[in-house]
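This report concerns only the one structure given below.
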Amino acid sequence: MRSTGYRRTVAALSVCSLALAASACGSGDDTASGKTRITVNCMPPKSAKVDRRFFEQDIASFEKQNPDIDVVAHDAFPCQDPKTFDAKLAGGQMEDVFYTYFTDAKHVVDINQAADLTPYVKELKSYGTLQQQLRDIYTVDGKIYGIPRTGYSMSLIYNKKLFAKAGLDPEQPPATWEELRADAKKIAALGDGTVGYADYSAQNQGGWHFTAELYSQGGDVVSADGKKATIDTPEGRAVLQNLHDMRWTDDSMGSKQLLVINDVQQMMGSGKLGMYLSAPDNIPILVKEKGGDYKDLALAPMPGGKGTLIGGDGYMVNKKASPDQIRAGLKWLDHMFLRPGAGFLGDYARAKKADAPVGLPEPRLFTGAADAKDQQVKKANANVPVENYQAFLAGNQSLTMKIEPPNAQQIYSVLDGAVSAVLTKKDADIDQLLKDASGKIDGILARG
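The opening residue of the sequence shown carries number 1130 in the working numbering; numbering runs sequentially from there.
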């Protein structure tokens, strides 16, 4: 799952009509007035005015530098709707260069809808500078099928103001789940509707956070071969027991449950929540939409010290694309997203002028000299309190990075039931919940 941003909204995805499929969505004729023509998606919608303007500016500069390439962009809100994604692929309606979540990569390859980029990647100047673990996500059976664009890892976001008010050290966030539980109890004791720790438990988001919490304990959701559930374990039991005890023994999670991301963000933005799990990209939402203040919001690595869930997105190329279209698509990706300190996501000076937040610790896409350059430009244009994120940056380095499980959304739906049960039923049977969820997940994995 993606944490925030226009990529994860609930509005419907714009799908090209069947009548236009050949000319506007799929690969069809790859030339227009002697140019190589490519269709691309994930253009910000008109409602996201600043992002839309930046995207259009970058396409214009790319076409000026590459007069032999014509880029036709389609906006989408969100960039990918899981309900229509497979239908677009199967129906020949997918763009030549199309957006995917990390969890899509193997599936798109398995259903034979992705072009093999291996022979062309050597022409992508920036490819070798990208983090290996992100490149590996789009590598299947030794062949390269996609290019990562962003990456994130889960963290603990906390309110420094409430920490201080509760007598806690705002510069010492909890490093273990035991410490988090103790801190949450002290924050909740402030009263006046203050909640120490909140968690999601509906719309598949509870299962997503269960997974993140399980990773932080050193556990896994499925076996290494992807065939069996591995949640009915001491680590899985610890996740549910901790949530149950904070909810019913400590009363540090509040009485309102079955929360989703917007509920929790509203609580944090209004200053009534001490902590919740998030990716760093939650912070601008909390400030710009929910009433929060940058100076009060800080990040820490996942409690537990063993692992963290990572996610993100990238682009793949339609299997129907011609060699010229593949080359043009890779050039476009390089220009738009893979230049340190430049491009749609990396032009920090431009973002600062538009009053967009600069200085958040992620995404961290590059390595070596490319990463150093990107971070240097980001630091020079920072307009948020970067010192609030140092604990996250330091602690995250020692965690094992794990992507979401296969069939993630189906599995999350199952795990939602277990999480919601312990948060709404004081007498919930944790052992039975884990046993039942394991059986359902085994069934999902068996069906592929």
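Even for Gly, the Cβ is constructed at its ideal location relative to N, Cα and C.
Rounded Cβ spacing between isoleucine 1273 and threonine 1247 (contact assumed at less than 8 Å)
By one-based count along the sequence shown, residue 1273 stands at place 144. By one-based count along the sequence shown, residue 1247 stands at place 118. Isoleucine 1273 to threonine 1247, Cβ: 5 Å. Contact.
Output needed for lysine 1290: all residues of its chain with C-beta closer than 6 Å, excluding positions within five of it in sequence on either side, in chain order.
For this step, residue 1290 is matched to residue 161 along the sequence shown. Counting only Cβ-Cβ distances below 6 Å, and skipping sequence neighbours, we find Asp1425.
Segment contact flag, the region 1427–1443 with the region 1333–1353, C-beta cutoff 8 Å, min 3 pairs
yes
Just reading off the beta strand (DSSP E) that leucine 1438 is part of, what are its end residues?
Counted from its first residue, the sequence shown places residue 1438 at position 309. That run of the beta strand (DSSP E) goes 1436–1446.
Are the beta-carbon atoms belonging to glycine 1275 and glutamine 1260 less than 8 Å from one another?
Counting from 1 along the sequence shown, the entry for residue 1275 is found at position 146. Counting from 1 along the sequence shown, the entry for residue 1260 is found at position 131. No, the Cβ-Cβ distance between glycine 1275 and glutamine 1260 is not below 8 Å.
Within 10 angstroms of its Cβ, does lysine 1507 collect 16 or more other Cβ (buried), or is it exposed?
Walking along the sequence shown from the start, residue 1507 turns up at place 378. So lysine 1507 ends up on the buried side.
Starting from the Cα of isoleucine 1266, find the closest Cα among Ser1190, Lys1356 and Gly1441 and give me that residue.
Taking the first residue of the sequence shown as position 1, residue 1266 is located at position 137. The option with the nearest alpha carbon to isoleucine 1266 is Gly1441.
Alanine 1141 - DSSP class collapsed to helix/strand/coil
If you number the sequence shown from 1, residue 1141 lands on position 12. Here alanine 1141 scores only 28 on pLDDT, less than 50, and its place in the model should not be relied on; the value that follows carries that caveat. Three-state DSSP puts alanine 1141 in coil, outside helix and strand.
Candidates Lys1555, Ala1557, Asp1558 and Gln1538, of which the one nearest alanine 1091 by Cα:
What is shown of the chain runs 1130 to 1577, which leaves residue 1091 out entirely.
Spatial neighbours of glutamine 1395 in its chain, beta-carbon cut-off 8 Å, leaving aside the 5 residues before and after:
Locating residue 1395 in the sequence shown gives position 266, where the first residue counts as 1. These residues qualify, in order along the chain: Lys1419.
Continuous alpha helix (DSSP H) assignments of at least 4 residues falling wholly in the region 1421–1503:
Here the runs fully enclosed are 1452–1466, 1472–1475 and 1477–1482.
Under the three-state reduction of DSSP, which class applies to valine 1250: helix, strand or coil?
As a working note, residue 1250 is residue 121 in the sequence shown. Residue state, collapsed to three classes: helix.
Helix, strand or coil: which one does DSSP assign to asparagine 1517?
Within the sequence shown, residue 1517 is the residue found at index 388, counting from 1. In the structure shown, asparagine 1517 sits in a helix (DSSP, three-state: H, G or I).
On the DSSP bridge list, what partners appear for leucine 1285?
Residue mapping note: residue 1285 aligns to position 156 of the sequence shown, counting from 1. DSSP, once it has assigned bridges, lists Leu1406 and Ala1429 as partnering leucine 1285.
May I have the straight-line CA-CA distance separating glycine 1572 from asparagine 1391, to the nearest angstrom?
Here residue 1572 refers to the residue found at position 443 when the sequence shown is read from its first residue. Here residue 1391 refers to the residue found at position 262 when the sequence shown is read from its first residue. If you take the alpha carbons of glycine 1572 and asparagine 1391, they lie about 31 Å apart.
Would you list, in sequence order, the uninterrupted alpha helix (DSSP H) runs of no fewer than 4 residues that lie entirely inside the region 1330–1403?
1334–1345, 1363–1377 and 1390–1398
Option nearest asparagine 1411 by Cα separation, candidates Trp1377, Tyr1518 and Glu1224:
Position 282 of the sequence shown, counting from 1, holds the residue named residue 1411. Comparing Cα positions, the closest option is Tyr1518.
Taking the Cβ atom as the reference point for each residue, do valine 1515 and proline 1486 lie within a distance shorter than 8 Å?
The residue you call residue 1515 lines up with position 386 of the sequence shown. The residue you call residue 1486 lines up with position 357 of the sequence shown. Not closer than 8 Å, so no.
7 Å Cβ shell around cysteine 1154 - same chain, five flanking residues per side excluded
Walking along the sequence shown from the start, residue 1154 turns up at place 25. Low confidence applies here, because cysteine 1154 scores a pLDDT of 48, under 50, leaving its location unreliable; read the following figure in that light. Once the five neighbours on either side are set aside, the close Cβ partners of cysteine 1154 are Cys1145, Thr1168, Gln1222, Met1223 and Glu1224.
Residue range of the alpha helix (DSSP H) that tyrosine 1541 falls in?
Counting from one through the sequence shown, the residue named residue 1541 turns up at place 412. 1537–1553 is the extent of the alpha helix (DSSP H) around tyrosine 1541.
What is the residue span of the beta strand (DSSP E) that isoleucine 1167 lies within?
The residue you call residue 1167 lines up with position 38 of the sequence shown. Here the beta strand (DSSP E) through isoleucine 1167 covers 1164–1172.
Start and end residues, beta strand (DSSP E) containing aspartate 1199:
Along the sequence shown, one-based indexing puts residue 1199 at 70. 1198–1204 is the span of the beta strand (DSSP E), which, as asked, contains aspartate 1199.
Hey, how far is the Cα of phenylalanine 1183 from the Cα of phenylalanine 1473?
Sequence index remark: in the sequence shown, residue 1183 carries index 54 (1-based). Sequence index remark: in the sequence shown, residue 1473 carries index 344 (1-based). About 6 Å.
Can you name the residues that DSSP bridges to valine 1324?
Numbered from 1 along the sequence shown, position 195 holds the residue referred to as residue 1324. Beta-bridge pairing links valine 1324 to Leu1402.
Is it a yes or a no for the region 1162–1181 touching the region 1196–1206, going by three-plus beta-carbon pairs under 8 Å?
yes
How would you label glutamine 1370, buried or exposed, when you count the other beta carbons within 10 angstroms and need 16 or more for buried?
In the sequence shown, counting from the first residue as 1, residue 1370 sits at position 241. Glutamine 1370 should be labelled exposed.
Terminal residues of the continuous beta strand (DSSP E) containing lysine 1096?
Because the chain is modelled from 1130 through 1577, residue 1096 falls outside the range shown and cannot be assessed.
How about the region 1251–1259 and the region 1494–1501: do they share at least three Cβ pairs that are nearer than 8 Å?
yes
Which whole-angstrom value describes the C-beta separation of leucine 1402 and valine 1416, a residue pair presumed to lie in contact below a C-beta threshold of 8 Å?
As a working mapping, residue 1402 is identified with position 273 in the sequence shown. As a working mapping, residue 1416 is identified with position 287 in the sequence shown. Between valine 1416 and leucine 1402 the Cβ distance is about 14 Å, and since that is not below 8 Å, they are no contact.
Can you check which of these residues, Arg1181, Ala1457 and Lys1554, is closest to tyrosine 1249 by C-alpha distance?
Here the question's residue 1249 lines up with position 120 in the sequence shown. Of Arg1181, Ala1457 and Lys1554, the residue nearest in Cα terms is Ala1457.
Can you have a look at valine 1237 and say buried or exposed, based on whether 16 or more other CB atoms are within 10 angstroms of its CB?
Locating residue 1237 in the sequence shown gives position 108, where the first residue counts as 1. With 16 or more Cβ atoms within 10 Å of its Cβ, valine 1237 is classed as buried.
Kindly say whether alanine 1234, judged by its beta-carbon, lies nearer than 8 Å to any beta-carbon of chain B.
The question asks about chain B, but that chain is absent: this structure has only one protein chain.
Sheet register partners of alanine 1243 (DSSP bridge)
In the sequence shown, counting from the first residue as 1, residue 1243 sits at position 114. Per DSSP, Asn1447.
Relative to the C-alpha of glutamate 1533, which residue among Gly1577, Asp1422 and Phe1339 is closest?
Taking the first residue of the sequence shown as 1, we reach residue 1533 at position 404. Glutamate 1533 has its Cα closest to that of Phe1339, out of Gly1577, Asp1422 and Phe1339.
Would you call the CB atoms of alanine 1511 and proline 1302 closer than 8 Å?
In the sequence shown, counting from the first residue as 1, residue 1511 sits at position 382. In the sequence shown, counting from the first residue as 1, residue 1302 sits at position 173. Not closer than 8 Å, so no.
Out of Arg1166, Gly1335 and Leu1467, point me to the one whose CA is closest to valine 1201's CA.
Position 72 of the sequence shown, counted from the start, is the residue given in the question as residue 1201. Selected option, being the one with the closest Cα: Arg1166.
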